[in-house]
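Let me begin by presenting the structure, written as structure tokens, before commenting on it.
Residue numbers (our numbering), protein chains in the order written: chain A, 1 to 167; chain B, 168 to 597.
Now the structure itself:
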């Protein structure tokens with residue numbers, strides 16, 4: 001009955017910890033795009049694909065005590081860090097099967113910056129378009145981030161690598 | 168003069184209980200309203216199952232769409248037109264996007280999308296860009312025009328000011344639905360001084376802003392929104408109806424997938440059950456079609472489908488108790504076991520439903536929120552995020568309220584003969 005909550009806990013458990021709400025949003029969106037069964041729906045917002053449902057789910061999980069949220073000061077900005085609590089681990093044991101195929105996808109994403117994942121997820125948001133149109137769209141909706149050609153290439157290479165790990 | 172700028176010989180007006188009149192002068196707008204895809208919105212209620220609680224809430228998405236159009240028309244024609252920040256070339260695309268922003272909504276949208284894994288915003292895009300009457304009208308403006316309208320609705324349009332009129336924390340969509348839903352439900356919340364907000368709304372680089380003298384009207388709007396969510400949109404009884412509606416659709420889908428022979432073939436649903444639907448299948452659905460099937464399903468052999476369908480049609484809804492998932496998830500698991508032992512499938516008869524709302528959220532540099540805040544334009548033209556000036560808004564900013572309820576068939580548990588029912592009922596109410 002709380003299966004969708006369990007999937008988010010499992011994701012963060014496999015990642016061990018996720019730093020940044022934005023990063024968590026982008027990682028789940030990308031995983032969903034790689035056909036992992038997350039139910040949250042995403043729309044394009046300020047930082048690319050964003051799910052209000054996911055924000056809510058994470059807040060609920062913190063309220064339930066299954067996730068620990070830590071507020072970190074990082075000089076000019078602040079970030080939230082998420083880890084699974086002991087209670088969350090117990091909950092997970094009663095709820096769901098392990099999804100081992102998710103682990104390598106998470107590892108790939110964990111090593112990337114939020115900015116890069118924002119680019120990758122925004123490209124994937126427009127994946128119904130031709131590659132050139134995808135790039136054009138990203139330049140329109142992310143004009144202030146000024147992504148370079150090298151970053152675009154790296155992002156497409158990364159997407160191809162993830163597609164090899166998709167389910 | 169091209170089709171883009173063509174005006175009707177005489178202005179057309181729709182009588183409207185919220186805005187008094189909706190004024191149409193543009194030929195494109197008039198033609199869109201006449202298309203079958205737009206007329207279909209007459210057959211889809213704005214508030215889904217809420218009419219089972221507030222009996223007046225029978226108003227349609229057609230009315231709301233006209234209302235959003237009218238508000239945007241007034242913002243542009245009475246407020247923005249002639250100001251240097253506003254590009255007059257964007258007028259028609261903005262009006263069309265306002266009129267068409269909900270075009271892809273299906274019958275009982277929320278439940279239907281949930282069960283069949285659909286997204287009404289994707290269908291809005293498909294109707295705008297596919298082989299439809301709406302697309303034919305938009306293409307008469309230019310080949311690129313349907314895509315431009317679609318981009319505004321998808322929030323990927325380059326001019327963010329245009330997008331903000333349709334989709335932001337103070338947009339025409341919200342201003343219409345709050346007032347319209349308040350009017351039709353008959354509640355006293357939901358009212359605010361829209362005239363004042365429209366008078367003080369100004370175009371800025373990336374979004375519409377509000378002159379600081381209009382701050383109190385915006386406070387009122389935000390509080391109205393807060394009240395409407397908890398008094399109307401998340402009313403626990405309409406959520407009960409929504410829970411049953413979803414379960415009816417789930418059951419019908421499950422039966423189809425497992426080879427059950429329906430008394431009457433569910434022709435309109437078959438492509439959705441098989442995930443092979445196309446745009447025509449989607450457009451063919453409306454709430455009349457769905458409830459007709461529910462009527463037929465009350466006569467089905469499958470007792471779960473017939474019971475749930477009858478419950479929905481005859482408003483024999485589930486009862487609810489407060490539920491705390493963190494503290495009670497083990498109790499929920501025990502209840503599921505008991506339901507199974509009592510011959511009640513918990514998948515259909517024991518349902519957790521959650522609602523949550525954030526009345527206003529703000530973004531300040533260095534934070535990670537995703538919503539564009541409401542800005543006040545100070546007398547020196549400086550922009551200031553509203554919660555920095557308003558104690559009222561500051562008090563509720565960023566404060567999410569969440570509510571979980573556990574739904575179950577109390578009538579059955581109280582009157583049924585199974586000895587386990589009493590034990591379940593006592594456990595639910597412990």
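Yeah, the Cβ is synthetic: ideal placement off N, Cα and C, and Gly gets one too.
Listed by chain order, chain B residues near residue i by CB distance under 9 angstroms
i                     : result
residue 140 (chain A) : 318, 323, 324 and 325
residue 101 (chain A) : Ordered by position in chain B, no residue passes the 9 angstroms Cβ test against residue 101 (chain A), which lies about 21 angstroms from the chain.
residue 2 (chain A)   : 492, 496, 499 and 519
Residue range of the unbroken beta strand (DSSP E) whose run includes residue i
i                     : result
residue 551 (chain B) : 550-552
residue 569 (chain B) : 568-575
residue 513 (chain B) : Segment 513-516 is the alpha helix (DSSP H) holding residue 513 (chain B); no beta strand (DSSP E) there.
residue 49 (chain A)  : 48-50
residue 487 (chain B) : 486-489
residue 369 (chain B) : 368-370
residue 446 (chain B) : Run containing residue 446 (chain B): none in the beta strand (DSSP E); it sits in the alpha helix (DSSP H), 446-450.
residue 400 (chain B) : That residue, residue 400 (chain B), is in no beta strand (DSSP E); it is neither H nor E in DSSP.
residue 378 (chain B) : 375-378
residue 45 (chain A)  : 43-45
residue 393 (chain B) : Here residue 393 (chain B) belongs to no beta strand (DSSP E); instead the alpha helix (DSSP H) covers 382-395.
Any chain A beta carbon closer than 8 angstroms to residue i
i                     : result
residue 569 (chain B) : yes
residue 469 (chain B) : no
residue 492 (chain B) : yes
residue 539 (chain B) : yes
residue 574 (chain B) : no
residue 496 (chain B) : yes
residue 531 (chain B) : At residue 531 (chain B) the pLDDT is 44, less than 50, meaning the model places this residue with poor confidence; the figure from the coordinates comes in the next sentence. False, the Cβ-Cβ gap to chain A never drops below 8 angstroms.
8 angstroms Cβ cut-off: residues of chain A touching residue i
i                     : result
residue 288 (chain B) : 43
Interface partners of residue i on chain B, CB under 7 angstroms
i                    : result
residue 64 (chain A) : 492 and 493
Buried versus exposed, by CB contacts within 10 Å (16 or more), residue i
i                     : result
residue 202 (chain B) : buried
residue 532 (chain B) : Caution is warranted here: a pLDDT of 41 is assigned to residue 532 (chain B), below 50, making its placement in the model unreliable, and no coordinate value can be reported.
residue 594 (chain B) : exposed
residue 299 (chain B) : buried
residue 111 (chain A) : exposed
residue 109 (chain A) : buried
residue 72 (chain A)  : exposed
residue 143 (chain A) : exposed
residue 168 (chain B) : exposed
residue 245 (chain B) : exposed
residue 26 (chain A)  : buried
residue 187 (chain B) : exposed
residue 292 (chain B) : buried
residue 408 (chain B) : buried
residue 166 (chain A) : exposed
residue 129 (chain A) : exposed
residue 234 (chain B) : buried
residue 153 (chain A) : exposed
residue 459 (chain B) : exposed
residue 226 (chain B) : buried
residue 311 (chain B) : exposed
Residue i - containing alpha helix (DSSP H), residue span
i                     : result
residue 403 (chain B) : 403-424
residue 115 (chain A) : 114-125
residue 73 (chain A)  : Unbroken run through residue 73 (chain A) is the beta strand (DSSP E), 67-74; no alpha helix (DSSP H).
residue 141 (chain A) : 131-141
Interface flag, residue i vs chain B, CB-CB below 8 angstroms
i                     : result
residue 91 (chain A)  : yes
residue 137 (chain A) : yes
residue 60 (chain A)  : yes
Hey, which unbroken runs of the beta strand (DSSP E) at 3 residues or more fall wholly within the stretch 168-249 of chain B?
174-183 and 187-193
Unbroken stretches of the alpha helix (DSSP H), 4 residues or longer, contained in the stretch 284-363 of chain B:
287-296, 300-308, 312-320, 327-333 and 339-352
Please specify which runs of the beta strand (DSSP E), each continuous and at least 3 residues long, are wholly inside the stretch 453-507 of chain B, giving them in chain order.
486-489
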